[in-house]
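**Student:**
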Amino acid sequence: MFSRTCRKSILHRCVNLKKFGTLNLKLSSNCWKCGFKLPKQFCVFCNSCNKIQKINVDKINYFDIFGLKSIYKMDSKVLEAAFKDLQNVTHPDKFNNESSYEKEVSVFNSSFINQAYSVLKSPVERIAYLLSINGCDVLSENSGTYTKHPALMIEIFKLREDIYELSNINELEIKREEIMKILGELSSEIEILWDCDDVSRVVSHAVRMKYLYKVHLSFFLFLLMC
Ligand SMILES: [Zn+2]
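Numbering (my numbering) for the sequence shown: 5 to 230.
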């Protein structure tokens, strides 16, 4: 059903996961089709009968899916390649001639993989997710974190005021690029802070990045309409 190259790639990913040691999973499940005991490392297919296996979302996080370390720093090309590899073998179109259960599993897996990719490729969403799986859910909409950072509230308020005073698209574009630059700097700093386990500064940087990104997004949408 799957090309040898694709299968090899998926199996290789299992090896990588083992190398990184990020998966201390107790999956201890068996293949739904043949009963083969599945390896501890996350695998999309049974090594015995080659049937697709449903992703256990309670035990596997978004990083695990792509065989990545659960850290902030990320090579977007590696993420994209891993995403394409996975989608290539789990896309529901590949299961048109399979059982209804396998179709259902492929849709479920594919949706989870898409969601994981969407979150991890966005620096703002990636740090929010990373903090949340480490028990620090400070970036959710209901956390009230924004109000705990008065300096940030003033910065965002002033920034929005500045924007209203800009008179043409060129000025808007320049301002947008300024915000992009700050976002890039924040992201680089978070990479270092995460490696240093400086959680409090990671959080303050992440909150600032989240709200600056919101402003940037409003710029982007506005410029699209111009
Ligand atoms: Zn099997």
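Cβ coordinates follow ideal geometry from the N, Cα and C atoms, glycine included.
Residue range of the alpha helix (DSSP H) that P246 falls in?
**Tutor:** Summary: the structure shown does not reach residue 246, with the chain confined to residues 5 through 230, and so no result is reported for it.
**Student:** Can you list, in chain order, the residues of its chain whose CB lies under 6 angstroms from that of F87, leaving out five sequence neighbours each side?
**Tutor:** Locating residue 87 in the sequence shown gives position 83, counting from the first residue. Counting only Cβ-Cβ distances below 6 angstroms, and skipping sequence neighbours, we find Y121.
**Student:** Just to confirm, is the Cβ distance from H209 to L221 under 8 angstroms?
**Tutor:** Position 205 of the sequence shown, counted from the first residue, corresponds to residue 209. Position 217 of the sequence shown, counted from the first residue, corresponds to residue 221. No; because the gap between Cβ atoms is not below 8 angstroms, this pair is not in contact.
**Student:** State the CB to CB distance for the pair Y217 and V123, rounded to an integer number of angstroms; the pair is presumed to be in contact (CB under 8 angstroms).
**Tutor:** Along the sequence shown, read from residue 1 onward, the residue named residue 217 stands at position 213. Along the sequence shown, read from residue 1 onward, the residue named residue 123 stands at position 119. So it is not a contact: roughly 14 angstroms between Cβ atoms.
**Student:** If the criterion is Cβ atoms closer than 8 angstroms, does the pair Y76 and E189 meet it?
**Tutor:** Position 72 of the sequence shown holds residue 76. Position 185 of the sequence shown holds residue 189. Taking 8 angstroms as the Cβ cut-off, Y76 and E189 do not qualify as a contacting pair.
**Student:** I'd like to know if N92 contacts chain C, where contact means its C-beta is closer than 8 angstroms to some C-beta of that chain.
**Tutor:** You won't find chain C in this structure, because it holds only one protein chain.
**Student:** Please confirm whether any heavy atom of ligand 1 lies closer than 7 angstroms to the CB of K37.
**Tutor:** Along the sequence shown, read from residue 1 onward, the residue named residue 37 stands at position 33. Yes; taking the cut-off as 7 angstroms, the Cβ of K37 has a heavy atom of ligand 1 nearer than that.
**Student:** Classify G71: buried if its beta carbon has 16 or more other beta carbons within 10 angstroms, exposed otherwise.
**Tutor:** As a first step, residue 71 must be located in the sequence shown, where it is residue number 67. So G71 counts as buried.
**Student:** Buried or exposed: where does K81 fall if 16 or more other Cβ atoms within 10 Å of its Cβ makes it buried?
**Tutor:** Locating residue 81 in the sequence shown gives position 77, counting from the first residue. Result: exposed.
**Student:** Where do the N-terminal and C-terminal ends of the alpha helix (DSSP H) with K81 fall, by residue?
**Tutor:** One-based indexing of the sequence shown puts residue 81 at position 77. Run containing K81: S80 to T94, per the alpha helix (DSSP H) assignment.
**Student:** Would you please state the rounded distance, in angstroms, between the beta carbons of F46 and I56? I believe it to be under 8 angstroms.
**Tutor:** The residue you call residue 46 lines up with position 42 of the sequence shown. The residue you call residue 56 lines up with position 52 of the sequence shown. About 13 angstroms; that fails the 8 angstroms criterion.
**Student:** Relative to ligand 1, is the shortest distance from any of its heavy atoms to the C-beta of K185 smaller than 7 angstroms?
**Tutor:** Within the sequence shown, the letter at position 181 stands for residue 185. Flag unset: Cβ of K185 not near ligand 1.
**Student:** Give a yes or no on whether the C-beta atoms belonging to K58 and F112 are separated by under 8 angstroms.
**Tutor:** The residue given as residue 58 occupies position 54 in the sequence shown. The residue given as residue 112 occupies position 108 in the sequence shown. Cβ distance < 8 angstroms, so K58 and F112 count as in contact.
**Student:** Whole angstroms are fine: how far does the CA of N51 sit from the CA of R212?
**Tutor:** On the sequence shown, position 208 is the one that residue 212 refers to. On the sequence shown, position 47 is the one that residue 51 refers to. In a straight line, the C-alpha of R212 is about 45 angstroms away from that of N51.
**Student:** Taking K214 as the reference, give the member of K179, I69, Y105 and E159 with the closest Cα.
**Tutor:** Taking the first residue of the sequence shown as position 1, residue 214 is located at position 210. With distances taken between Cα atoms, K214 lies closest to E159.
**Student:** Under a three-way DSSP split, which group does N34 fall into?
**Tutor:** In the sequence shown, counting from the first residue as 1, residue 34 sits at position 30. N34: strand per DSSP, three-state reduction.
**Student:** To the nearest angstrom, how far is it from the Cα of M157 to the Cα of V219?
**Tutor:** Counted from its first residue, the sequence shown places residue 157 at position 153. Counted from its first residue, the sequence shown places residue 219 at position 215. Approximately 12 angstroms, taken between the alpha carbons.
**Student:** If you draw a straight line from the alpha carbon of E177 to that of K41, how long is it in whole angstroms?
**Tutor:** As a working note, residue 177 is residue 173 in the sequence shown. As a working note, residue 41 is residue 37 in the sequence shown. Between E177 and K41, the C-alpha separation is close to 56 angstroms.
**Student:** Tell me the residue span of the alpha helix (DSSP H) that contains G188.
**Tutor:** Numbered from its first residue, the sequence shown carries residue 188 at position 184. I173 to D199 is the extent of the alpha helix (DSSP H) around G188.
**Student:** Classify I131 as helix, strand or coil using the three-state DSSP reduction.
**Tutor:** Your numbering for residue 131 matches position 127 in the sequence shown. Here I131 sits in helix by DSSP.
**Student:** First and last residue of the alpha helix (DSSP H) that includes Q45?
**Tutor:** Counting from one through the sequence shown, the residue named residue 45 turns up at place 41. For Q45, no alpha helix (DSSP H) encloses it, and the DSSP letter there is neither H nor E.
**Student:** Over the uninterrupted alpha helix (DSSP H) stretch that includes I56, give me the two end residues.
**Tutor:** For the purposes of this step, residue 56 is taken as residue 52 along the sequence shown, with counting starting at 1. Per DSSP, I56 belongs to no alpha helix (DSSP H) and is neither H nor E.
**Student:** Where does F49 fall in DSSP's three states?
**Tutor:** In the sequence shown, residue 49 corresponds to position 45, counting from 1. Residue state, collapsed to three classes: strand.
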